[in-house]
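Trainee: Sharing a structure with you now.
Residue numbers (our numbering), protein chains in the order written: chain A, 143 to 465; chain B, 589 to 888.
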């Protein structure tokens, strides 16, 4: 088998395995609670009958392994179960219905951020690496360091204060619904997207710069310079083929970071995304929703990292041309 | 002659230590100095909070939303507590909790990392695979989920974050310790019949300390920001305990107030600035420390 194919398959297998372990951990977290989840929800004073009824209602009276298999099987059919919020009432709210529109909103926001942030930070990072220790490099470095060290909600409130309250250019709350049209959606999601962009660009730029500086310092680049290859050609012919892997890693890592970053930003701007849903569900201890959100976040995170791994394997010149 | 020798050596050793500290500090760049002074001020505020703060932590001393004045320097919050006092107590609570979490995570992750590097075998394999799975989930998401299960309390917060963070520490400690455990002096200690505790804490740990100290600064920043974010989201440190993250959330409506009420900066920005300033300061010091210990690396 070709070494590239073999390594890719290995990574894929490892990714699936990780996802399996993560799903078990997410599922098992509910089992770890001493005294059972029902008691924690209903309080210490709950009678055994109430606890038993509650457990029967949400299906906690069956063995964990059976429930895990059922849970995973349903998820593959797109069914995450029912939210605890509607339990006991006549209307059962399915978690899938709850999550689907919000998942779309979150991906909308993430895509919007990524489309601007990825090219921008790559260009800024490459320039900083090429003109290392120049004034541009130093300024960009200290600005990004400050941005990284600042909590996201601070940046979010600063932007809200200046662009939505002082100058009424944007709405301070990014409420969108199913009826919001595409252009309006972009406009309303602009402030959260800009907040995320600032954070992502800072991270990404620093990592791109670090990766490229590492690359430019490698012996074959020095060799190219010594044998008189023009700088432009050295970068395009020698550095670039080796740069895809670190750049792919940087992009995937930051998109994965974006997935987590949305949580805080969505809460600040009251943007109806999955992050806000998760925080609300954590407060009300609505476990099916929390588990579904955690699984979606974790799966996205794992998938992006896996993608980066595969890209760096596929573009690795050493693996592509084995001796 | 022979009686004087140890004394002389002692004097020289003490002076060279003091001298080297002084020299190192005097060569520190401006940013590192700035960072160290800021950190010192925060530590003073945290340790001496009850003596510095003009009012109590949860004491209601005035009307709600009073503007800054001679009585309340930063004004009052939504139920009439002094903002300045809460900021100072916030330093104690937020930094204290973040510090304890980082300490715990280093105690667990560091010890396990060195131990697995020494022992290798199935223990190493087992722990490393579990850690890999933990690393595949973002900390904030995992922390949110576990807080939903175990309930919101400070003890749970510290334990959960320390556990999640120790996986990151474990990776670093194991990787650096792997280079040290193959050294002759570790072998010598083993042959001498020293116990595991001695080998970990007296032979290996002192030699992997510089990267661990740097990592401690960065992990502290990360834990501190995560705790602030969780508190801001309302699932971390709970009221009435003063904490910077939840203070931002509590006073967020104030940024829509007319600027006349809060002359310079809207109130929610005070705790947010306090958080940002500390993390920036730590980053400056860590940057400088990295420069000092590894000369070449100036990257993240």
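Built from N, CA and C at the ideal position, the CB exists for glycine as well.
(1) From what residue to what residue does the alpha helix (DSSP H) around residue 821/B run?
(2) With contact counted as at least three CB pairs below 8 Å, one residue from each stretch, are the region 758-772 of chain B and the region 710-719 of chain B in contact?
(3) Can you name the residues of chain B whose CB is closer than 9 Å to the CB of residue 299/A?
(4) Is the CB of residue 307/A under 9 Å away from at least one CB in chain B?
(5) Can you tell me the Cβ-Cβ gap for residue 731/B and residue 818/B, rounded? I've got them flagged as a contact below 8 Å.
(6) Kindly list the residues whose CB is nearer than 6 Å to the CB of residue 149/A, restricted to its own chain and excluding five residues on each side of it in sequence; keep chain order.
(7) Between the C-alpha atoms of residue 799/B and residue 188/A, what's the straight-line distance to the nearest angstrom?
(8) I'd like to check one pair, residue 839/B with residue 666/B: are the Cβ atoms closer than 9 Å?
(9) Below 7 Å on C-beta distance, what does residue 335/A contact in chain B?
(10) Is residue 413/A near residue 318/A, with beta carbons less than 9 Å apart?
(11) Are any of the Cβ atoms in chain D nearer than 9 Å to that of residue 682/B?
(12) Could you say which of 629/B, 701/B, 623/B, 827/B lies nearest to residue 867/B if we only look at CA atoms?
(13) Look up residue 276/A in the DSSP assignment and say whether it is helix, strand or coil.
(14) How many Å lie between residue 370/A and residue 378/A at the Cα?
(15) According to DSSP, simplified to helix, strand and coil, what is residue 323/A?
(16) Does chain B have any CB closer than 9 Å to the CB of residue 288/A?
(17) Starting from residue 171/A, find everything on chain B with Cβ-Cβ shorter than 8 Å and list it in chain order.
(18) Can you tell me whether residue 728/B is buried or exposed, with buried defined as 16 or more other CB within 10 angstroms of its CB?
(19) Would DSSP call residue 670/B helix, strand or coil?
(20) Residue 703/B to residue 393/A, Cα distance in whole Å?
(21) Taking 9 Å as the threshold (beta carbon to beta carbon), is residue 867/B in contact with chain A?
(22) Could you tell me which whole alpha helix (DSSP H) segments of length 4 or greater appear in the region 236-315 of chain A?
(23) Following the continuous alpha helix (DSSP H) through residue 714/B, name the residue where it begins and the one where it ends.
(24) Sort 397/A, 307/A, 442/A by Cα distance to residue 261/A and report the nearest one.
(25) In angstroms with no decimal places, state the Cα-to-Cα distance between residue 309/A and residue 858/B.
(26) With 9 Å set as the bound, which would you pick, yes or no: does the beta-carbon of residue 816/B sit closer than that to a beta-carbon of chain A?
(27) Counting only Cβ pairs nearer than 7 Å, list the residues of chain B close to residue 430/A.
(28) Any Cβ of chain A within less than 9 Å of the Cβ of residue 585/B?
(29) Which residues in chain B have a C-beta closer than 9 Å to the C-beta of residue 406/A? List them in chain order.
(30) According to DSSP, residue 643/B sits in a beta bridge with which residue or residues?
(31) If we cut at 9 Å on Cβ distances, does residue 849/B have a partner in chain A?
(32) Does the Cβ of residue 850/B have 16 or more other Cβ atoms within 10 Å, making it buried, or fewer, making it exposed?
(33) Using 8 Å as the Cβ pair cut-off and three pairs as the minimum, do the region 421-437 of chain A and the region 733-748 of chain B touch?
(34) Taking just the CA atoms, how far does residue 828/B sit from residue 643/B?
(35) Leaving out five residues before and five after residue 415/A in sequence, what residues of the same chain have Cβ atoms less than 7 Å from its Cβ?
(36) Going by C-alpha distance, which of 793/B, 677/B, 803/B, 724/B is nearest residue 647/B?
Mentor: According to the data block:
(1) Careful: residue 821/B lies outside any alpha helix (DSSP H) and carries neither H nor E.
(2) Yes, since at least three Cβ pairs between the region 758-772 of chain B and the region 710-719 of chain B fall closer than 8 Å, the two stretches touch.
(3) Under the 9 Å cutoff, chain B gives 836, 840, 843, 854, 856, 857, 860.
(4) Yes, its Cβ sits closer than 9 Å to a Cβ of chain B.
(5) Yes, they are in contact, since the Cβ atoms of residue 731/B and residue 818/B sit about 6 Å apart, within 8 Å.
(6) Closer than 6 Å at Cβ, skipping near neighbours: 455.
(7) If I take the Cα positions, the gap works out to 51 Å.
(8) Annotated as proximal: residue 666/B and residue 839/B, with beta-carbon spacing under 9 Å.
(9) Listed by position along chain B, the residues whose Cβ is nearer than 7 Å to that of residue 335/A form an empty set, because the closest Cβ is around 19 Å away.
(10) Yes, the pair counts as a contact, with Cβ atoms nearer than the cut-off.
(11) Protein chains A and B are contained in the structure displayed, whereas chain D is not.
(12) When each option's Cα is compared against that of residue 867/B, the closest is 623/B.
(13) Note: residue 276/A maps to coil in three-state DSSP.
(14) Put simply, the backbone Cα of residue 370/A is about 15 Å away from that of residue 378/A.
(15) Three-state result, residue 323/A: coil.
(16) Taking 9 Å as the CB threshold, residue 288/A lines the interface with chain B.
(17) Contacts between residue 171/A and chain B, judged by CB atoms closer than 8 Å, involve 733, 734, 737 in chain order.
(18) With 16 or more other Cβ atoms within 10 Å, it is buried.
(19) Residue state, collapsed to three classes: strand.
(20) Taking the straight line joining both Cα atoms gives about 35 Å.
(21) With 9 Å as the cut-off, residue 867/B counts as an interface residue toward chain A.
(22) Secondary structure in the region 236-315 of chain A: the alpha helix (DSSP H) runs of 4 residues or longer, each lying completely within the stretch, are 237-272, 277-291, 294-302 in chain order.
(23) That run of the alpha helix (DSSP H) goes 709-723.
(24) When each option's Cα is compared against that of residue 261/A, the closest is 397/A.
(25) Each residue's alpha carbon lies about 21 Å from the other.
(26) Yes, contact with chain A.
(27) Neighbourhood of residue 430/A in chain B, by CB distance below 7 Å: empty, with the nearest CB roughly 11 Å away.
(28) Chain B is shown only over 589 to 888; residue 585/B falls outside these bounds and no answer can be derived.
(29) What residue 406/A touches in chain B: 728, 817, 820, 821.
(30) Beta-bridge pairing links residue 643/B to no other residue.
(31) For residue 849/B, the pLDDT reaches just 49, beneath the cut-off of 50, and the residue's location in the model is therefore unreliable, although a value from the coordinates is still provided. For residue 849/B, not one C-beta of chain A is nearer than 9 Å to its own C-beta.
(32) Low confidence applies to residue 850/B: its pLDDT is 48, below 50, so where it sits in the model is not reliable enough to give any reading.
(33) Result yes; three or more Cβ-Cβ pairs closer than 8 Å.
(34) For residue 643/B and residue 828/B, the distance between alpha carbons rounds to 14 Å.
(35) Counting only Cβ-Cβ distances below 7 Å, and skipping sequence neighbours, we find 244, 247, 248, 251, 404, 408.
(36) 677/B is the residue among 793/B, 677/B, 803/B, 724/B whose C-alpha sits nearest the C-alpha of residue 647/B.
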